[in-house]
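Trainee: Taking our numbering, the leading residue of the sequence shown gets 1, the next gets one more, and so forth. We put the beta carbon where it would ideally sit given N, CA and C, even for glycine. Dumping the structure here so I can ask a few things about it.
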Amino acid sequence: MSVITIERKILEKNDEIARSNRALLEKLGVFALNLVSSPGSGKTSLLERTLEQLRGRLRMAVIEGDVHTDLDAQRVARYGVPVVQIVTHGGCHLEAKLVQDALSRLPIEKTQALFIENVGNLICPANYDLGEAMKVVVISTTEGEDKPLKYPAMFRNAHALVINKADLLPYLSLRIEDLRRNALQVNPGLVGFETSCVTGSGIEEWCEWLYEQASTKPSRSGSA
Ligand code: MG
Ligand code: ZN
C-alpha cells in the first residue's frame, strides 16, 4: 500500500467523523469555529478578548488544542467558560476524533458558540475537517504579506481572516493592504478583521460579527 493511499484513508476516516460532529453540533444549534494560525499569532489572546466581550450574551465553550501543556486552557478557564484541553503529544493538528471525544466532556447541549483553538500550524490543519461551521485564520502583522500565497490551502478553506497585533503596525514594514490583497487573491470571499488584543481595537467589530453568525445559525431543526 502506498503512502498516498494510507493518507487518503486517514483523511476519509477523519471526514466521516467530522460529518458526525457537524451533524451533532447542527442538531443542537451550536455554532462551532475552528481557529487556525501559525504559532504565536495570538489565537488565545483573541479568544480571551472574545470571551470577555461576549460574556453574558452567548453561552460559550472552548476546546484547546496544543502539542504540549494546558497553559492555554488555564488562561481561558479564567473567563468562567467550560474548557477541554486536548494535548496532541507531538501531533501537529487536531483531528475530528479528538474533537468528538472533547465534545462528550463539554455541556454541549447548553452551548451556543464553541471555539476550537487548533494547534499552531498553517499547513495540515487545513486538511482536517473537525465538523466546525467555519474556519477562521488568524495572522499577526509580524508574519509578513506573503503568507496567504505561501499557505493558500489554509486561506482558501477559511471563512474569515483576522489580522491581529494591529498595534504593532507603526513599527513594522508590513504593508497591510498587500496582505489583504494576497488573502483575497486566494479567497475572494474572506471576511476581514483587524484586531489588537493589547489596545482592544477591532475586537468589538469581530465579536459583533461572531455574535451575528452564532445567533443566525439554523437552529435545532437539524440537517443531520
Ligand atoms: Mg494558543
Ligand atoms: Zn499535522
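1) Rounded to whole angstroms, what's the CA-CA distance from valine 84 to leucine 94? Just pull it up for me.
2) Under a three-way DSSP split, which group does valine 119 fall into?
3) Among the candidates Lys165, Ile176, Leu172, whose CA atom is the shortest distance from the CA of isoleucine 203?
4) If we require 3 or more residues per run, which beta strand (DSSP E) segments fall completely within the stretch 68 to 138?
5) Looking at the secondary structure, which residues open and close the alpha helix (DSSP H) in which valine 3 lies?
6) Closer than 7 Å to a non-hydrogen atom of the ligand MG - does that hold for the CB of glutamate 48?
7) So valine 138 and leucine 46 are in contact, right, with Cβ under 8 Å, and what is the actual spacing, rounded?
8) Measure the CB-CB distance between phenylalanine 31 and alanine 214 and report whether it falls below 8 Å.
9) Excluding sequence positions up to five away, which residues of its chain have a Cβ less than 7 Å from the Cβ of serine 223?
10) So does the stretch 53 to 64 actually touch the stretch 72 to 92, counting three or more Cβ pairs closer than 8 Å?
11) For the stretch 126 to 134 and the stretch 13 to 26, state whether three or more C-beta atom pairs, one from each stretch, are separated by less than 8 Å.
12) Would you say threonine 142 touches the ligand MG, meaning its beta carbon is less than 7 Å from a heavy atom?
13) Looking at lysine 135 and the ligand MG, is the gap between the Cβ and the nearest heavy atom below 7 Å?
14) Could you please give the first and the last residue of the uninterrupted beta strand (DSSP E) stretch that includes leucine 35?
15) Would you say the beta carbon of lysine 165 comes nearer than 7 Å to a heavy atom of the ligand MG?
16) Using 8 Å as the threshold, is the stretch 138 to 154 in touch with the stretch 103 to 119, meaning 3 or more CB pairs across them?
17) Per DSSP, what are the beta-bridge partners of glutamate 64 in this structure?
18) If I follow the unbroken alpha helix (DSSP H) through valine 186, where does it start and stop?
Mentor: Reading it off the structure:
1) Reading the sequence shown from its first residue, position 84 is the one you call residue 84. Reading the sequence shown from its first residue, position 94 is the one you call residue 94. Approximately 13 Å between the Cα atoms of the pair.
2) For this step, residue 119 is matched to residue 119 along the sequence shown. It is coil, neither helix nor strand.
3) The residue labelled residue 203 in the question sits at position 203 within the sequence shown. Comparing Cα positions, the closest option is Lys165.
4) You should have 83 to 87, 113 to 117.
5) Walking along the sequence shown from the start, residue 3 turns up at place 3. Valine 3: member of the alpha helix (DSSP H) spanning 3 to 27, first to last residue.
6) One-based indexing of the sequence shown puts residue 48 at position 48. No.
7) In the sequence shown, the residue the question calls residue 138 occupies position 138. In the sequence shown, the residue the question calls residue 46 occupies position 46. Correct: roughly 6 Å between the Cβ atoms.
8) Your numbering for residue 31 matches position 31 in the sequence shown. Your numbering for residue 214 matches position 214 in the sequence shown. Yes. Within cutoff.
9) Here residue 223 corresponds to residue number 223 of the sequence shown, with the count starting at 1. With a pLDDT of 39 at serine 223, under the threshold of 50, the modelled position of this residue cannot be trusted; read the value that follows with caution. Around serine 223: Glu26.
10) A contact between stretches requires three or more CB pairs, one per stretch, nearer than 8 Å, and the stretch 53 to 64 meets this requirement with the stretch 72 to 92.
11) They touch, by the three-pair rule.
12) Within the sequence shown, numbered from 1, the residue matching residue 142 stands at position 142. Within the chosen limit of 7 Å, the ligand MG does not reach the beta carbon of threonine 142 with any heavy atom.
13) On the sequence shown, position 135 is the one that residue 135 refers to. Not under cutoff, so the answer is no.
14) As a working note, residue 35 is residue 35 in the sequence shown. Per DSSP, leucine 35 is one residue of the beta strand (DSSP E) stretching across 31 to 36.
15) As a working note, residue 165 is residue 165 in the sequence shown. Checking the Cβ of lysine 165 against the ligand MG gives no.
16) Between the stretch 138 to 154 and the stretch 103 to 119, the count of Cβ pairs shorter than 8 Å is below three; the stretches do not touch.
17) Here residue 64 refers to the residue found at position 64 of the sequence shown. In the DSSP output, where bridge partners are listed per residue, glutamate 64 has Gln85, Glu117.
18) For the purposes of this step, residue 186 is taken as residue 186 along the sequence shown, with counting starting at 1. Segment 176 to 186, the alpha helix (DSSP H) holding valine 186.
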